[in-house]
Amino acid sequence: MDGLRIFLVDDDKEDQEFFRDALSEINEAVLLSIFNSGDELLRALRQKDSKPDMIYLDLHMPILDGEECLDILRKNTDLKSVPIVIYSTELDMDRIAQLFFKGANRYIRKPDSFDSLVASIKATINSLKRNSLGGNAIINIVV
């Protein structure tokens, strides 16, 4: 494998750049694909031969929001083992519990600081590596 295949689904261009820059600080071979909506992600997944190693999914997007996208992804048997990280500004503990129930593997609240984002991404990648990037990842909240 040439590197981890990470899909980021986020409609905010600044958040996309912030994530891309933070990812470049991590000493890992990563292939990042960015999608502007859940609908765009689903279209791409139908066309791609290889699935991602993990998906970072924003909750608040037009057309198809992150929760709706999570529901669809978890119904797809080919994607059941792909870890999904909810990546959002929202911090509603009841909703987060519901997202875990629906199949999210981790929740990361979008941090204000670059260093916090780098640390969160690094911790997530390390956690998923410990779990062999298959099956369910460790469920926790990074804020």
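For the sequence shown, full-length UniProt numbering gives the first residue as 1, with consecutive numbering after it.
We treat Cβ as the ideally placed atom computed from N, Cα and C, and that holds for glycine.
Keeping to the same chain, check which residues put their C-beta closer than 7 Å to that of residue i; ignore five residues upstream and five downstream.
{"i": "alanine 137", "result": "Interpretation of alanine 137 is limited by its pLDDT of 40, a score under 50 that renders its predicted location unreliable; the figure taken from the coordinates is listed afterwards. The residues are Pro83, Asn105, Arg106, Ser127, Leu128, Asn131."}
{"i": "leucine 64", "result": "Ser37, Gly38, Asp39"}
{"i": "valine 30", "result": "Gly3, Leu4, Ile6, Leu23"}
{"i": "proline 111", "result": "Leu117, Ser120"}
Are the CB atoms of residue i and residue j nearer to each other than 8 Å?
{"i": "leucine 8", "j": "leucine 32", "result": "yes"}
{"i": "leucine 79", "j": "leucine 70", "result": "no"}
{"i": "glutamine 47", "j": "isoleucine 34", "result": "no"}
{"i": "glutamate 14", "j": "isoleucine 125", "result": "no"}
Figure out for me which residue from the options has the closest Cα to the Cα of residue i.
{"i": "aspartate 11", "options": "Gly3, Lys122, Met61, Pro52", "result": "Met61"}
{"i": "methionine 54", "options": "Phe18, Asn36, Tyr87, Glu40", "result": "Tyr87"}
{"i": "glutamine 98", "options": "Glu68, Arg46, Glu25", "result": "Glu68"}
Provide the residue span of the beta strand (DSSP E) that contains residue i, from first to last.
{"i": "methionine 54", "result": "54-57"}
{"i": "isoleucine 108", "result": "106-109"}
DSSP has residue i in a bridge; who is on the other side?
{"i": "valine 82", "result": "BP columns for valine 82 are empty, so no partner."}
{"i": "isoleucine 6", "result": "Leu32, Met54"}
Output needed for residue i: all residues of its chain with C-beta closer than 8 Å, excluding positions within five of it in sequence on either side, in chain order.
{"i": "glycine 66", "result": "Val9, Gly38, Leu57, Asp58, Leu59, His60, Ile86, Ser88"}
Taking residue i as part of the alpha helix (DSSP H), name the residues at either end of that continuous run.
{"i": "asparagine 126", "result": "114-130"}
For residue i, which residues in the same chain have their Cβ closer than 6 Å to its Cβ, ignoring the five residues on either side in sequence?
{"i": "glutamate 90", "result": "Leu59"}
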